[in-house]
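The block underneath contains the structure these notes are about, expressed in structure tokens.
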Amino acid sequence: MATLIPTRNSCLPQMTSGEKRLSERLEQKLEDDYLLWYDVSVGPRQRRPDFIVFHPRRGLLVLEVKDWKPGTIQQADRTQFTLLTGNSSVKEHNPLMQARDYASEIYKVLQRDPALRHPPGHTYEGKLLMPWGYGVVLANISRKQFDAGQLETVIPAHLVICQDEMYESVEPEAFQERLWAMFPQIFPTALTLPQIDRVRWHLFPDIRVELGEGQFGLFAHADRSSAQALEIPDLVKVMDAQQELLARSLGDEHRIIHGVAGSGKTMILGFRAMQLARALSKPILVLCYNKTLAARLDQLMGERGLSDKVQVYNFHKWCRSMLTAYHVPLPADGPHYAEQLPPAVIAGVDGGQIPRFQYGAVLIDEGHDFEPDWYKLIVQMIDPHTNSLLVLYDDAQNIYGQANRKKLSWKSLGVQAQGRTTILKLNYRNTLEILSVARGFANELLLARADEDDGVPLIAPESAGRRGALPELIRVERMEDQLPAIIQRLRDEHAGGRRLSDMAVIFRNGWEGEKLHEALQRAQIPSRLAEGNGKSSLFVVDDTVKLVTMHSSKGLEFPLVIIPGLGSLPKPGKDEVDEARLLYVAMTRATERLVLIHHEDSIFSQRIRHSINEVQGQLVEMA
């Protein structure tokens, strides 16, 4: 069964009956390795063909669908059709011209890429690697009616699929033959996975992930989006088909995505925010718990010109802004100031001081860190006409909350997401080696737990298969020897070509950051500290090592991560399971290389050493 993007259920409101029937036939009659797109913006000019059919061995086909009936066609030629509508008539473009224009534009975009052209010396040197074509689907005109109306004079017969050629009873082979007849040329082709990604990268700029920027580099900047300004990179990265399918299929109403670390949850949130910003008049609210993540998301929305439509806050800052905007007294300063902010907003809403329904949509990242009462408040902020709520959740990363949060019922909190939940198990962020060691360390924590559709499942991550170096566990003689070890590793990596901005040191205690920052300054290694007032400036585009606490690292990722202080973990007086969860989050920030440092054995360093040895043994067996 072919994959339709977006899903048909999410498209039904705008689909004509003919488009719906064709989508069903394409899914049913084509094999699993076909990708289909319906009404998706294509290329730099954002054109919207009805359907694109793509197969790595067959090529690419553009289809235009018309629900016209024989009696409504008054006149037709090669450029336009005149259609009867009641007592008047309208003129429409010949659909074959539409399909041809879309297909030609796609060809020109793809053919610009040397990696998608036949090499010198080939029979088709300089031409596109794959066949391409276009055609028309007349959903309410049979082949007999097509012939009787002499429509072949304006649309060649082999470029049309008629009503009776897309019945449910049609044989897959016969249906496919109709499609292949639309290609002007058919020649052997076998696109590689990187070439398939390049095709999708060119066709759909909105699913691009800019290399070096991780999950947050999803969208091309405006000044690089035009075909004239675009420089085609040697390496490209895009959402995978499952992520794209989910991102494009998110409709209104309440929806929850349960996803493991590194599965692209935040990337999907960013995609959704951009879609909603184009569609809604009311502002979109993005909420998360972590101040550093909120600052990064806010920066990226600003870079893409969306600050006026998409408001990004960490939850407590949003609460304070609500109280200030509507002149509701703030809680008294003190150690409990932050925890008193949400109840004050709830009371303000209940008392009518703070208005409900302020936002066209609310998107929540790090939903696992939100208290149940916060959800009851948030759902009241959504315009009931759109009723659009998206929650991203991973209970394995719940580093602020309590275990009993696993028992919550979404329905009891006002979140109506039954039947609209999705689970993402594949981890794309980490290499197989990093993920395996992190999972081995936190194995008991990450035992997958089944749950009802209305509950919160705990999902064990699965590797997408990317390979890399085995994590390192380095032991030094004394605690103070950790700083020289960190500095030496940073220098070695930098000398080997790694940018400073691709490296991060993640630590447990806030005071460690100041010591690290001072030591790196003395060693003349530029760094930025993501604590205090430095949180918002952490992501200034400069070549500096990032210094981040374990709590602040949530949602972030770096090619190289160094974690010192393992000999002092778990932190005295803290719950061992909570501390293990926190270290697991820190370990899974590394996309390529993970280095852990300790000066003495602890429960955690022993478990990590055991996990590294286990993974190393498994890799030897695999080899």
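Read in order, the letters of the sequence shown correspond to residues 1 to 623 in UniProt numbering.
Glycine is no exception: its CB is placed at the ideal position from the N, C-alpha and C atoms.
DSSP places T386 in the coil class of the three-state scheme, outside both helix and strand. Taking a contact as a CB-CB distance under 8 Å, the pair V260 and L424 counts as one, their CB atoms being some 7 Å apart. Residue E244 holds the alpha-carbon nearest to the alpha-carbon of P205 among I186, P119, G465, E244. Contact between R47 and D39 fails: their C-beta atoms lie close to 11 Å from each other, not under 8 Å.
Within the same chain, Cβ atoms closer than 6 Å to the Cβ of Y584 are found at A438, A442, the five residues on either side in sequence being excluded. Around the C-beta of D502, 16 or more other C-beta atoms lie within 10 Å, and the residue is accordingly described as buried. Excluding its 5 nearest sequence neighbours in each direction, I232 has C-beta neighbours in its own chain below 6 Å: D113, listed in chain order.
Taking C-beta atoms under 8 Å as the contact rule, C319 and L293 fail to qualify, at a distance of about 17 Å.
Inter-segment contact for the stretch 147 to 165 and the stretch 68 to 85 is present: three or more beta-carbon pairs are separated by less than 8 Å. Contact check between the stretch 481 to 497 and the stretch 595 to 614: three or more CB pairs, one atom from each, fall below 8 Å, which counts as touching. Residue ranges of uninterrupted beta strand (DSSP E) with 3 or more members, entirely inside the stretch 159 to 215 and ordered along the chain, are 160 to 162. Measuring C-alpha to C-alpha distances from V328 to each of M130, K376, P335, P343 identifies P343 as the nearest.
Beta-bridge analysis with DSSP links A590 to F558. Residue pairing for Q242: DSSP places it in no beta bridge. When P355, D578, Q275 are compared, the shortest CA-CA separation from D369 is found for D578.
Taking the C-beta atoms as reference points, A530 is found nearer than 7 Å to S552. Going by DSSP, A361 is part of the beta strand (DSSP E) stretching over 361 to 364. For the options T591, D234, A504, the alpha carbon positioned closest to that of S463 is the one of T591. The stretch 292 to 309 makes no contact with the stretch 381 to 396: fewer than 3 CB pairs, one atom from each, lie closer than 8 Å. The Cβ atoms of M381 and Q418 lie no closer than 7 Å to each other.
Membership of Y313 in the beta strand (DSSP E) is indicated by the continuous run 310 to 314. Annotation for L435: G262, N427, P461, S463, T588 place their beta carbon closer than 8 Å to its own, counting only its chain and skipping 5 residues before and after.
Cβ neighbours of S41 within its own chain (closer than 8 Å, five residues either side excluded): R47, R48, F204, D206. In the DSSP assignment, Q416 is bridged to no other residue. The criterion of a C-beta distance shorter than 7 Å is not satisfied by C162 and F187.
Per the coordinates, the alpha-carbon of A174 lies some 41 Å from the alpha-carbon of H254. The residue among E92, I52, F54 with its C-alpha nearest the C-alpha of K66 is E92.
In the three-state scheme derived from DSSP, where H, G and I count as helix and E and B as strand, R528 is classed as strand. According to the DSSP assignment, L432 belongs to the alpha helix (DSSP H) that extends over 432 to 441. With 16 or more other Cβ atoms inside 10 Å of its own Cβ, W132 counts as buried. With contacts defined by Cβ atoms closer than 7 Å, I5 and R198 do not form a contacting pair. Secondary structure note for S23: its alpha helix (DSSP H) is the uninterrupted segment 17 to 29. Following the DSSP letters along the chain, one finds Y428 in no alpha helix (DSSP H), marked with neither H nor E. For the stretch 57 to 132, the continuous alpha helix (DSSP H) assignments of 4+ residues that do not extend past its boundaries occur at 95 to 111, in sequence order. Distance from E64 to Q98 at the Cβ level is roughly 5 Å; contact confirmed, criterion being Cβ atoms closer than 8 Å. With 16 or more neighbouring CB atoms inside 10 Å of its own CB, G513 falls in the buried class.
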